[in-house]
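Below is one structure, written out as structure tokens; comments come after it.
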Amino acid sequence: MILGGLTARDGKITHVGSDASVLKAELEVDAEGKYVLPGIIDTHVHLGSCFRPGEEFVPQIKEESKAAAIGGVTTFITTTTHRTTADPTVPRLDIHRKDKKGATHNSFVDFKFTHWISRA
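Its first residue numbered 1078, the sequence shown is counted upward by one per residue in the numbering used here.
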């Protein structure tokens, strides 16, 4: 643990060090007595795996990513089994594309999908 300060530019930490080494800034935040941690990357999340046919992915990613951000998670990697739709003739790749587009526009944090492939 370092007692000191940090500087950031454009949302990225640019320096961590003693108070004497930290340059003056336009905006200063006093975090005395608090911990400053880097963003957490959660590499094993299960979003989209408990859906029933016809349920939408976007409302879940919106709520879950919001909760993740509140907890300090800045990126998650979801191990997703893209569910079937009410219409079984819709290819899973189409479902994935729709979910990815929805997640891109509605997630509060960065995300990636991982998948498994099956013949089912």
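By construction, the Cβ of each residue, glycine as well, lies at the ideal position given by its N, Cα and C atoms.
| query | How big is the Cα-Cα spacing for residue 1118 and residue 1141? | reply | Approximately 14 angstroms between the Cα atoms of the pair.
| message | By DSSP's criteria, residue 1152 is part of a beta bridge. Which residues make up the other side? | response | Bridge partners of residue 1152: 1118, 1187.
| query | residue 1106 lies in the beta strand (DSSP E); which residues open and close that run? | reply | In the DSSP assignment, residue 1106 falls outside any beta strand (DSSP E) and carries neither an H nor an E.
| task | Give a yes or no on whether the C-beta atoms belonging to residue 1123 and residue 1152 are separated by under 7 angstroms. | result | Not a contact, by the Cβ cut-off of 7 angstroms.
| message | Using only the alpha-carbon positions, how far apart do residue 1179 and residue 1102 sit? | response | Roughly 37 angstroms separates the two Cα atoms.
| task | Quick one: using the 10 Å Cβ neighbour count with 16 as the cut-off for buried, is residue 1184 buried or exposed? | result | Under this definition residue 1184 is a buried residue.
| Enclosing beta strand (DSSP E) for residue 1090 [first to last residue] | Its beta strand (DSSP E) spans residues 1089 to 1094.
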